[in-house]
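In this note's numbering, the protein residues as written are 23 to 156. Each residue gets a CB set at the ideal place from its N, CA and C atoms; glycine is no exception. These numbers were taken from a predicted model, which means no experiment stands behind them. Okay, so here's the structure we're looking at.
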């Protein structure tokens, strides 16, 4: 990835995920030592930290869990190589989860903090607040 504008890199990454991109599609956006930290929320009481390889595999696995992911970016903040996105996320579930059934649309308000290095995403911290209703 040769982009130098951190916000453009992050938005490109998000749009690739939204378009259904799997591991091979998001791979060019991530640094070799990338880490994804998902802070605790309704579907993951303890949260998790994933390596680059686990994140790439998760992108492929997500196709069996959700479809039609949408990221409505509400606000962006960029400071140097740090980009913060506030987003409304939604997707259609392909299987049953606690609080939702297959076929329902799942929604979350999400804030994601990205750190970039050499034009690549080195880390992502995600804070998701899932909710029911429209």
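Distance, residue j Cα to residue i Cα
i, j, result
"residue 44", "residue 81", "5 Å"
"residue 65", "residue 105", "25 Å"
"residue 53", "residue 110", "26 Å"
"residue 128", "residue 88", "9 Å"
"residue 131", "residue 140", "29 Å"
"residue 152", "residue 98", "20 Å"
"residue 107", "residue 35", "12 Å"
"residue 90", "residue 148", "20 Å"
"residue 119", "residue 136", "28 Å"
"residue 138", "residue 103", "5 Å"
"residue 62", "residue 26", "32 Å"
"residue 123", "residue 100", "37 Å"
"residue 58", "residue 133", "13 Å"
"residue 38", "residue 83", "15 Å"
"residue 51", "residue 68", "27 Å"
"residue 30", "residue 142", "11 Å"
"residue 113", "residue 42", "11 Å"
"residue 33", "residue 115", "24 Å"
"residue 60", "residue 146", "8 Å"
Reference residue i; option with closest CA among the options
i, options, result
"residue 144", "72, 89 and 47", "72"
"residue 117", "99, 86 and 35", "86"
"residue 154", "134, 136, 96 and 121", "121"
Beta carbon proximity, residue i to chain B, threshold 8 Å
i, result
"residue 60", "Protein chain content of the structure displayed is limited to a single chain, and chain B is not contained in it."
Counted within 10 angstroms of its Cβ, other Cβ atoms place residue i as buried (16 or more) or exposed
i, result
"residue 28", "buried"
"residue 150", "buried"
"residue 94", "exposed"
Expected contact under 8 Å - CB spacing of residue i and residue j to nearest Å
i, j, result
"residue 78", "residue 55", "Contact flag wrong, Cβ pair sits at about 13 Å."
"residue 126", "residue 92", "Actually they are not in contact, since the Cβ atoms of residue 126 and residue 92 sit about 14 Å apart, beyond 8 Å."
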